Amino acid sequence: MMQVSSHHLEALRTVLAGKVITAEDADYDTARIQWNNDIDRNPLAIARCASPADIAAAITFAREQELEISVRGGGHAFSGTGVCDDGLMIDLSAMRQVSISADAGLARVGGGATVAELDAATQVHGLAVPTGVISHTGVGGLTLGGGIGWLTHKAGLTIDNLVSADVVLADGRCVRTSPDEHADLFWALRGGGGNFGVVTTFEFQLLPVGPEVHLGLFFWGMDQGEEVLRLARDVVPNLPVEAGAQIAIGLNAPPAPFVPPQYHFTPGYLLIIVGFSSAEEHARIVAPIRDALPPLFELVTPIPYVALQRTLDETAPWGLLGYQEVIYLDELTDDVISRIVTQLPAKRSPMSFCLIFRLDGAYSAVGDEQTAFGGRRSPRYVVNIAGIGASPAVLNADRAWVRSLWSALRPFARDSGGYVNSMTDNDADRVRASYGPTKYGRLARIKAKYDPANVFHLNANIKPA
Ligand SMILES: Cc1cc2nc3c(=O)[nH]c(=O)nc-3n(C[C@H](O)[C@H](O)[C@H](O)COP(=O)(O)OP(=O)(O)OC[C@H]3O[C@@H](n4cnc5c(N)ncnc54)[C@H](O)[C@@H]3O)c2cc1C
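Read in order, the letters of the sequence shown are residues 310 to 774 in the numbering used here.
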């Protein structure tokens with residue numbers, strides 16, 4: 310372990326407005342924990358920063374002491390890159406303020422805020438930022454890697470709605486980035502992950518959403534997998550712009566009031582269609598699904614947007630062990646469907662799943678080079694395969710299942726790239742493939758300008774050119 314004297318740690322404590330936590334503190338274990346309980350790392354110290362000045366001081370301290378730096382936003386990365394062994398963990402959980410300027414249609418969001426906190430503040434005004442589908446995810450990591458959710462079809466990725474960001478750089482400078490200020494850095498932040506600095510505030514444009522939206526949830530048993538996926542590939546690419554969809558495969562039906570008791574805990578295929586316009590329009594969109602393939606049960610209902618954002622929270626609570634792989638597919642061909650359906654029963658944990666998002670609509674209206682997003686903007690599917698278990702033995706079994714299904718789908722993908730936010734291993738070749746050579750080269754040059762020593766390397770790392 311790197312040796313840093315208590316004298317030096319004391320010096321850090323005196324300059325930080327926030328708290329410095331070490332193994333001697335009672336809250337050390339709760340402070341270092343990540344969403345993925347498979348991650349068990351012991352930082353030398355945790356700097357729970359309260360301001361950009363704190364972050365600058367923490368970075369300077371770590372560099373002087375030659376400590377590795379990790380940055381923790383919401384702590385949700387499967388890879389657990391928010392925490393490091395023996396180094397300094399910069400913890401943004403005290404920087405989660407959200408302020409809304411409804412007149413200007415802008416939200417300013419602290420680098421450690423969660424999606425739930427952002428939604429709560431924006432929905433007071435009937436506004437929203439497109440984010441993810443699990444409300445306890447951090448806005449920080451989610452945004453920097455892209456941000457995919459219910460509103461992607463209507464309004465693009467989270468980064469497509471970012472208008473500026475305040476960043477503390479590797480040399481401790483605090484800069485504002487926007488299309489007019491450090492435009493190269495602003496481009497890189499929109500998809501390039503945590504490679505370029507610590508974002509203290511994200512500024513997003515807001516769009517009117519809800520407060521009431523429409524949920525259409527349809528559930529079928531495991532024996533109908535092929536028919537469900539064929540139906541989904543017919544329906545989802547043809548949705549109107551005011552709708553969003555997700556296909557969730559392998560999850561168990563919850564013991565909820567809308568689920569007939571005989572189907573409680575039954576594994577199956579879930580198609581969720583969310584509508585952002587009228588109830589009539591939503592009813593019109595979902596009717597053909599029911600007619601084409603009657604589900605075991607369904608829930609079609611108006612729902613507050615904040616409740617929609619929490620609908621899937623319990624499928625992925627904090628405290629479980631997880632491993633995820635991801636791949637982009639242009640089409641859900643018969644062969645793709647057959648491989649998914651055939652391999653699904655091999656998973657061991659009832660919590661392991663495969664999630665498919667269609668990326669098109671507003672997502673595809675943005676040019677490939679307009680942002681640094683790791684993935685082409687042509688219409689496609691992003692397929693997340695997640696092994697989730699309560700014990701290492703179950704996780705190990707489903708890690709093998711995840712890799713096996715990923716390998717089975719790989720021949721149908723253009724390359725091995727995927728959504729960088731969904732990777733567990735952050736394999737260097739896969740990261741390169743996700744961005745493609747041109748974008749990766751541009752990111753590497755910007756990295757060389759703003760972080761030449763690769764101080765921020767615990768992430769889907771871009772090597773400085
Ligand atoms: C259960 C679950 C559901 C998910 N659902 C979605 C979804 O619907 N849509 C989607 O797009 N993604 C989703 N994700 C993936 C998610 O976007 C990534 O895991 C993301 O990294 C989470 O961000 P975080 O801040 O919570 O993570 P952290 O683990 O805190 O951070 C991950 C990395 O991001 C960087 N980082 C975080 N905050 C900052 C900051 N302020 N400044 C600089 N760097 C920072 C750091 O490099 C850090 O190592 C989900 C993940 C999980 C586990």
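Note that beta-carbon positions come from the ideal geometry of N, C-alpha and C, so glycine has one too. These numbers were taken from a predicted model, which means no experiment stands behind them.
Element boundaries [beta strand (DSSP E), containing residue i]
{"i": "K328", "result": "K328 to I330"}
{"i": "T510", "result": "V507 to Q514"}
{"i": "R417", "result": "L415 to G419"}
{"i": "V609", "result": "F606 to P613"}
{"i": "L630", "result": "L630 to L638"}
{"i": "V595", "result": "Unbroken run through V595 is the alpha helix (DSSP H), A588 to A601; no beta strand (DSSP E)."}
{"i": "A356", "result": "A354 to R357"}
{"i": "V313", "result": "Where V313 is concerned, there is no enclosing beta strand (DSSP E), given that its DSSP letter is neither H nor E."}
{"i": "R689", "result": "R689 to G698"}
{"i": "H523", "result": "E521 to G530"}
{"i": "M398", "result": "L397 to D400"}
{"i": "P576", "result": "P576 to G584"}
{"i": "R685", "result": "Counting along the chain, R685 falls outside any beta strand (DSSP E), and DSSP gives it neither H nor E."}
{"i": "S410", "result": "V407 to S410"}
{"i": "R381", "result": "I378 to R381"}
Terminal residues of the alpha helix (DSSP H) in which residue i lies
{"i": "I646", "result": "D643 to Q652"}
{"i": "D428", "result": "V424 to Q432"}
{"i": "G450", "result": "V448 to G454"}
{"i": "S301", "result": "Residue 301 falls outside the range modelled here, since the chain spans only 310 to 774, and no answer is possible."}
{"i": "L478", "result": "That residue, L478, is in no alpha helix (DSSP H); it is neither H nor E in DSSP."}
{"i": "P563", "result": "Careful: P563 lies outside any alpha helix (DSSP H) and carries neither H nor E."}
{"i": "D363", "result": "P361 to E373"}
{"i": "A497", "result": "A492 to L498"}
{"i": "L540", "result": "G534 to V544"}
{"i": "R741", "result": "A737 to Y759"}
{"i": "P782", "result": "Because the chain here runs from 310 to 774, residue 782 falls outside it and cannot be looked at."}
{"i": "V764", "result": "Note, V764: premise wrong, no alpha helix (DSSP H); not H, not E."}
{"i": "Y337", "result": "Y337 to R341"}
{"i": "H445", "result": "Neither: H445 is in no alpha helix (DSSP H) and is coded neither H nor E."}
{"i": "H462", "result": "T461 to A464"}
Proximity test, residue i beta-carbon vs ligand 2 heavy atom, cut-off 8 Å
{"i": "R741", "result": "Ligands in the displayed structure: ligand 1; ligand 2 is not one of them."}
Candidates the options, of which the one nearest residue i by Cα
{"i": "S700", "options": "H766, T680, G631 and G501", "result": "G631"}
{"i": "P569", "options": "T323, K656, W529 and D412", "result": "W529"}
{"i": "W715", "options": "L704, A702, V703 and M732", "result": "M732"}
{"i": "F682", "options": "R499, V424 and C663", "result": "R499"}
{"i": "A709", "options": "Q652, P688 and A762", "result": "Q652"}
{"i": "F662", "options": "A422, L560 and R539", "result": "L560"}
{"i": "A552", "options": "A769, M531 and G584", "result": "G584"}
{"i": "A554", "options": "I755, H591 and S315", "result": "H591"}
{"i": "T642", "options": "A616, L629, D400 and L718", "result": "L718"}
{"i": "V615", "options": "H573, L524 and V545", "result": "L524"}
{"i": "I755", "options": "L451, W344, L466 and I771", "result": "I771"}
{"i": "G745", "options": "T680, D760, F765 and K758", "result": "T680"}
{"i": "G455", "options": "A479, A497, G414 and L415", "result": "A497"}
{"i": "L471", "options": "I649, A416, R350 and G698", "result": "A416"}
{"i": "I348", "options": "S314, A356, H385 and I364", "result": "H385"}
{"i": "G684", "options": "L466, A365, R381 and T323", "result": "L466"}
{"i": "G420", "options": "L436, D400 and G414", "result": "D400"}
{"i": "S586", "options": "P604, D489, G519 and P564", "result": "G519"}
{"i": "H491", "options": "L318, S473, A753 and F567", "result": "S473"}
{"i": "G435", "options": "P613, I581 and V703", "result": "P613"}
{"i": "E623", "options": "A565, R648 and A774", "result": "A565"}
Whole-number beta carbon distance between residue j and residue i, since they are thought to touch under 8 Å
{"i": "P403", "j": "C358", "result": "Going by the sequence as given, residue 403 is Ala instead of Pro. Indeed they touch by this definition, with Cβ atoms about 7 Å apart."}
{"i": "T423", "j": "G383", "result": "5 Å"}
{"i": "L376", "j": "L353", "result": "6 Å"}
{"i": "I594", "j": "S658", "result": "I594 to S658, Cβ: 33 Å. No contact."}
{"i": "E589", "j": "R599", "result": "In fact, because the Cβ distance is near 16 Å, the residues do not count as touching under 8 Å."}
{"i": "V476", "j": "F505", "result": "7 Å"}
{"i": "C483", "j": "A365", "result": "6 Å"}
{"i": "R381", "j": "G396", "result": "With 8 Å as the limit, R381 and G396 do not qualify as a contact, their Cβ atoms being about 12 Å apart."}
{"i": "L664", "j": "A557", "result": "5 Å"}
{"i": "S408", "j": "Q618", "result": "At roughly 20 Å, the Cβ-Cβ gap does not stay under 8 Å, so S408 and Q618 are not in contact."}
The region 425-437 touching the region 512-519, judged by at least three CB pairs closer than 8 Å: yes
Stretch-stretch touch, CB-based, cutoff 8 Å, three pairs: the region 361-380 with the region 332-345: Judged by Cβ distances under 8 Å, the region 361-380 makes no contact with the region 332-345, as fewer than three pairs qualify.
Given 8 Å, three or more beta-carbon pairs between the region 415-428 and the region 440-453: yes
Cβ contact (3+ pairs, closer than 8 Å) linking the region 540-547 and the region 720-739: no
The region 633-651 contacting the region 688-702, beta-carbon criterion three pairs below 8 Å: yes
Contact the region 663-681 vs the region 455-464: 3+ CB pairs below 8 Å: Yes: at least three Cβ pairs fall under 8 Å.
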